[in-house]
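Q: Residue numbers (the numbering used here): 35 to 305. Pasting a structure here, questions to come.
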Amino acid sequence: MKPVVVRGGGDLATGIIWQLCRAGYPVIILECHCPMAIRREAAFCEAVHFGEKTVEGITCRLVSSAEEAMKMVTPKNPVMLVDETGACLEVIKPDVVIDAILAKKNLGTRLDMAPLTIGVGPGFEAGVDVTYVVETVRGHKLARIIDKGSAMPNTGIPGIIKGYGAERVIHAPAAGILKDFNNIGDIVEKDQIIAEITDENGAVTPVPATLTGVLRGILPDGFTVFKGLKMADIDPRKEEQENCYTISDKARCIAGTVVTLVAGFEHGITG
């Protein structure tokens, strides 16, 4: 089978890519120049900055062209291209394109990009933008296959863990350059200053932890943020520290549905 193309290399996309690789599919990942994944330790998009990224035993490597990607990719070796528009599809000519950018809107994926197109989350309409949509909202319908219509709208509210929901996610209180004081996996205390943002005038805005727990994710040091941008995530369960580096249950669930659709397509099962 031709390589599967996945748009996006964030933590949810990484769960999909990882499972496709384990199922025997070669995967080419398309990312932007400046990925905004929070859970960077469990996201292949870090390869944009470091040349490669390993998640749970599978290493993704950055390549510079579609031709190089086609030569290097194997089921055990996913590769990544910086290609925000999907221009490389003219060379790759994939049978399957998966949009897992999770932008809450369609950033250019079209039904005619491949015989099978899958949109993960809101922003797509099955039969119009993509062949299928996969639900991403937690609950009974998580990972459901949608062959007509769209996924549920983004609620903007994280899942509840130990009674905490919105408090788990930190949004940038100002625009500017981010300076991190902690690493992913660190235990932080409520109101502890975990970062600061320096604006263009040199004014510094501290970023306090919203609760006590494990710093599950944070944008990288030196990142340029805008006010309101999701920049960090805290898990109140200190015992979950090691899970900062592994694929989440939600990502694995969604990945299972995507692999089902790809395998079904490969075997001529549609609808």
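A virtual CB, placed ideally from N, CA and C, is assigned to each residue, including glycine.
Could you give the first and the last residue of the continuous beta strand (DSSP E) run that contains Asp269?
A: Within the sequence shown, numbered from 1, the residue matching residue 269 stands at position 235. Asp269 -> beta strand (DSSP E) spans 264-269.
Q: Can you tell me where the alpha helix (DSSP H) holding Gly290 begins and where it ends?
A: In the sequence shown, counting from the first residue as 1, residue 290 sits at position 256. 283-300 is the extent of the alpha helix (DSSP H) around Gly290.
Q: If distances are taken between C-alpha atoms only, which option among Val154, Thr119, Val125, Ala148 comes closest to Leu136?
A: Position 102 of the sequence shown, counted from the start, is the residue given in the question as residue 136. Taking only the C-alpha atoms, the option nearest Leu136 is Val154.
Q: Are the region 93-108 and the region 138-145 touching by the rule of at least three beta carbon pairs closer than 8 Å?
A: In short, these stretches do not touch, since the Cβ pair count stays below three.
Q: What does the alpha-carbon distance come out to for the pair Phe158 and Glu230?
A: Walking along the sequence shown from the start, residue 158 turns up at place 124. Walking along the sequence shown from the start, residue 230 turns up at place 196. The straight-line gap from Cα to Cα measures roughly 36 Å.
Q: With 16 as the cutoff for other CB atoms within 10 Å, does Cys68 come out buried or exposed?
A: Here residue 68 refers to the residue found at position 34 when the sequence shown is read from its first residue. Burial call: exposed.
Q: Could you say which of Met35, Pro37, Met106, Arg56 lies nearest to Ala289 if we only look at CA atoms?
A: The residue you call residue 289 lines up with position 255 of the sequence shown. Of the listed residues, the one whose Cα sits closest to Ala289 is Arg56.
Q: Using 10 angstroms around the beta-carbon of Pro187, count the other beta-carbons present and answer buried if the total reaches 16, otherwise exposed.
A: Along the sequence shown, read from residue 1 onward, the residue named residue 187 stands at position 153. Flag for Pro187 reads exposed.
Q: Report the three-state DSSP secondary structure of Gly210 (helix, strand or coil).
A: Here residue 210 refers to the residue found at position 176 when the sequence shown is read from its first residue. In this structure, Gly210 counts as strand in the three-state DSSP scheme.
Q: Just list the beta strand (DSSP E) runs in the region 223-265, keeping only unbroken ones of 3 residues or longer that don't cross its boundaries, in chain order.
A: Here the runs fully enclosed are 227-232, 238-242, 247-252.
Q: May I have the straight-line CA-CA distance separating Thr21 from Leu253, to the nearest angstrom?
A: Residue 21 lies beyond the residue range present for the chain, which begins at 35 and ends at 305; the question has no answer from this structure.
Q: Excluding the 5 residues preceding and the 5 following Val238 in the sequence, name in chain order all residues of the same chain whose CB lies nearer than 6 Å to its CB.
A: To locate residue 238, count along the sequence shown from 1; it is residue 204. Excluding positions up to five away in sequence, the list reads Glu230, Thr232.
Q: Compare the Cα-Cα distances from Leu176 to each of Val40, Ala47, Arg286, Asp269 and report the closest residue.
A: By 1-based counting over the sequence shown, the position of residue 176 is 142. Out of Val40, Ala47, Arg286, Asp269, Arg286 has the C-alpha closest to the C-alpha of Leu176.
Q: Just to confirm my understanding: we take Asp225, look at its own chain, exclude 5 residues before and 5 after, and list those with CB closer than 6 Å. What are they?
A: As a first step, residue 225 is located in the sequence shown; it is residue number 191 there, counting from the start. Excluding residues within five positions, the ones whose Cβ falls inside 6 Å are Pro242.
Q: Mind the definition here: the region 74-85 touches the region 102-119 only if three or more C-beta pairs lie below 8 Å; say whether that holds.
A: Yes, the region 74-85 touches the region 102-119.
Q: Do you know how far the Cα of Gly161 is from the Cα of Lys182?
A: Position 148 of the sequence shown, counted from the first residue, corresponds to residue 182. Position 127 of the sequence shown, counted from the first residue, corresponds to residue 161. Going from the Cα of Lys182 to the Cα of Gly161 covers about 6 Å.
Q: Verify whether the separation of the beta carbon atoms of Ala103 and Ala47 is less than 7 Å.
A: Here the question's residue 103 lines up with position 69 in the sequence shown. Here the question's residue 47 lines up with position 13 in the sequence shown. Result no, Cβ atoms of Ala103 and Ala47 do not sit closer than 7 Å.
Q: Just reading off the alpha helix (DSSP H) that Leu46 is part of, what are its end residues?
A: Here residue 46 corresponds to residue number 12 of the sequence shown, with the count starting at 1. Unbroken alpha helix (DSSP H) run through Leu46: 45-56.
Q: Grab me the residues of Thr119's own chain with a C-beta within less than 8 Å of its C-beta, minus the 5 sequence neighbours each way, in chain order.
A: Reading the sequence shown from its first residue, position 85 is the one you call residue 119. Excluding positions up to five away in sequence, the list reads Gly142.
Q: Taking DSSP as the reference, what is the three-state secondary structure of Asn217?
A: What you label residue 217 is simply residue 183 of the sequence shown in a count that begins at 1. The answer is coil: DSSP assigns Asn217 none of H, G, I, E or B.
Q: If the criterion is Cβ atoms closer than 7 Å, does the pair Ala208 and Lys261 meet it?
A: For this step, residue 208 is matched to residue 174 along the sequence shown. For this step, residue 261 is matched to residue 227 along the sequence shown. Closer than 7 Å, so yes.
Q: Between Cys278 and Ile218, how many whole angstroms is the CB-CB distance? I'm expecting something under 8 Å.
A: Mapped onto the sequence shown, residue 278 falls at position 244. Mapped onto the sequence shown, residue 218 falls at position 184. That belief holds up - the Cβ atoms of Cys278 and Ile218 are roughly 5 Å apart, short of 8 Å.
Q: Can you tell which of Glu169, Gly247, Leu212 has its C-alpha closest to the C-alpha of Glu201?
A: Within the sequence shown, residue 201 is the residue found at index 167, counting from 1. Nearest option by C-alpha distance: Gly247.
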